[in-house]
Every structure is written in C-alpha cells, then in structure tokens.
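Asks: Take any residue in the sequence shown, count from 1 to its spot, add 222: that is its number in the working numbering.
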Amino acid sequence: MKEHMADFSPEEREVLYRIIFARRDVRRFLPDPIPVKLLDRILLAAHHAPSVGFMQPWTFILIRNPEIKKLVKEAFLGARGDEAEQFSGERKELYLSLKLEGIEEAPLNICVACDSARHGPAVLGRTLIPETDIYSTCCAIQNLWLAARVEGLGVGWVSILSRDRLKEILGIPPHVIPVAYLCIGYPERFEPRPELEKVGWLKRLPLEKVISYEKWEKAE
223 MKEHMADFSP
233 EEREVLYRII
243 FARRDVRRFL
253 PDPIPVKLLD
263 RILLAAHHAP
273 SVGFMQPWTF
283 ILIRNPEIKK
293 LVKEAFLGAR
303 GDEAEQFSGE
313 RKELYLSLKL
323 EGIEEAPLNI
333 CVACDSARHG
343 PAVLGRTLIP
353 ETDIYSTCCA
363 IQNLWLAARV
373 EGLGVGWVSI
383 LSRDRLKEIL
393 GIPPHVIPVA
403 YLCIGYPERF
413 EPRPELEKVG
423 WLKRLPLEKV
433 ISYEKWEKAE
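If you want it as structure tokens, here you go:
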C-alpha cells in the first residue's frame, strides 16, 4: 500500500490522541486565576475551529463577576429541580447527588454564543441546513476544550440552564443563541473516567454500535 507523508511525527500524533482521551467534564475547581496569555491561547485555538462557509459565528462572553455567576447559579438550581422531576426512585436520588456545575467555584465562566446573522441571511453552505451555524460553534467549543486540557485547565459544560433566562442575565440579543455555558479553571484533579460512567449513569457505547456502512443500520 502506498505510504503518504504526514505533517506530524508519530510522537505528535500520539499526544493528540492522549489529549482527546484525557478530556473530562470538570465540576470541581481550584480558585487560582488563569494567566492572561494562557487564556488568549485557548481562545485563539477555539477561534481557529472549522466553520461552514467560514462564517465564524461564535462569540465568547467571558464572565468573572461574582454577581453574574450567582444569577447563573440560581438559574441552574431552578432548572435542575425541574429536570430532576423527569426521574424517579433511585435514578432521581442519583441525579440529585451529582455535582453538575462549578459556576461559582471556577475563576472563569465562558458563554459561547452563536450569531447566525453575523454575515447576513446568505451564508455559503447554510441554505439547506440552517443549523450549521450552531454545529460550527460546537467545533469551536471542542477546540477550546482540548486546548484547555493540554494547558492543564478543566472545562465543565453546564447545559441545565434556560436559554431565555441566560440571555436575560447576559444581555444577549434575541437573534443570538447561547450554545454553551462553560466553567473553566484549574481542576482539583482530572478523573481517569468520565464521572457519569464512574457512578453508573451510562456506559460508553462500543465503537461498533455507532458505525454503519453505506446506509443507516438499525442498532440492536
């Protein structure tokens, strides 16, 4: 088989995979501040994410103000109570025992928002799939997360929040969508396994369960 030249050494490729497999959703943070130059690096990595039509629809709202964090935490607690009602019995008890945010503990929160109107209504590649602006924003979030991990920073995605309430707290315009609310800082530790897997909430699916060939194959 023909060999193709790679731009990266085997050692460099190995590091990338190590970073991916070591990424975790972090909830417990140290209060130490994040150096400005380090933050600039991870934001630059996020800003170099792929985006459909090169639209770059993301905006990063940096939040350090304790009063704003407090409002977001209160919004989380209300939403968490509502979500808990979806479960019952031991499942509900387990849900309520989980630490699902580090909003006030983390030195920095970042709301990653998607501005679909940034380049007007016509965007190359978005005509038939308008959600590609949100998908592109998620690519930026992944870049940020991996860059943070290699720098020794933890990231926690808080998704148990009302978008409308978050927009109200942060003054986000009606047409802009808050895609992710992230808590960022130096973690108490990086767990070897995802928290939800460790406590038995769900297991990671085998790779073969999420691959189909040529056409959709119904999972067993």
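Yeah, the Cβ is synthetic: ideal placement off N, Cα and C, and Gly gets one too.
Relative to the C-alpha of A362, which candidate in P272, A301 and R387 has its C-alpha closest?
Replies: Sequence index remark: in the sequence shown, residue 362 carries index 140 (1-based). Measuring from the Cα of A362, the nearest candidate turns out to be P272.
Asks: Need the endpoints of the beta strand (DSSP E) that I242 sits in, please.
Replies: Locating residue 242 in the sequence shown gives position 20, counting from the first residue. Where I242 is concerned, there is no enclosing beta strand (DSSP E), although the alpha helix (DSSP H) it sits in stretches over P232 to A244.
Asks: I believe V274 touches R348 by the beta-carbon criterion, under 8 Å. Please report the beta-carbon distance rounded to the nearest angstrom.
Replies: Indexing the sequence shown from 1 puts residue 274 at position 52. Indexing the sequence shown from 1 puts residue 348 at position 126. Taking the Cβ atoms as the reference, V274 lies roughly 6 Å from R348, within the contact range of under 8 Å.
Asks: Assuming the contact rule is C-beta atoms closer than 8 Å, R182 and P329 should be a hit. Round their C-beta distance to whole Å, please.
Replies: The structure shown does not extend to residue 182, since the chain is modelled only from 223 to 442, so the question has no answer here.
Asks: What would DSSP say about K331, mapped onto helix, strand or coil?
Replies: What you label residue 331 is simply residue 109 of the sequence shown in a count that begins at 1. In the sequence as presented, Lys is not what sits at residue 331; that position holds Asn. Three-state result, N331: strand.
Asks: Between the C-alpha atoms of W367 and G376, what's the straight-line distance to the nearest angstrom?
Replies: By one-based count along the sequence shown, residue 367 stands at place 145. By one-based count along the sequence shown, residue 376 stands at place 154. Taking the straight line joining both Cα atoms gives about 8 Å.
Asks: Alpha carbon to alpha carbon, how far is S231 from K295? Give it in angstroms, no decimals.
Replies: Working through the sequence shown from its first residue, we reach residue 295 at position 73. Working through the sequence shown from its first residue, we reach residue 231 at position 9. Going from the Cα of K295 to the Cα of S231 covers about 44 Å.
Asks: I'd like the list of long-range same chain contacts for A244, defined as Cβ closer than 8 Å, with 5 residues on each side in sequence excluded.
Replies: Within the sequence shown, the letter at position 22 stands for residue 244. Correct list, in chain order: R371 and F412.
Asks: Using a Cβ-Cβ cutoff of less than 8 Å, which residues in the same chain neighbour R240 once the five nearest sequence positions on both sides are dropped?
Replies: On the sequence shown, position 18 is the one that residue 240 refers to. Result list for R240: empty, nothing under 8 Å.
Asks: Given a threshold of 16 other Cβ atoms within 10 Å of its Cβ, counted over all protein chains shown, does L429 qualify as buried or as exposed?
Replies: Position 207 of the sequence shown holds residue 429. The residue in question, L429, is exposed, as its Cβ has fewer than 16 Cβ neighbours within 10 Å.
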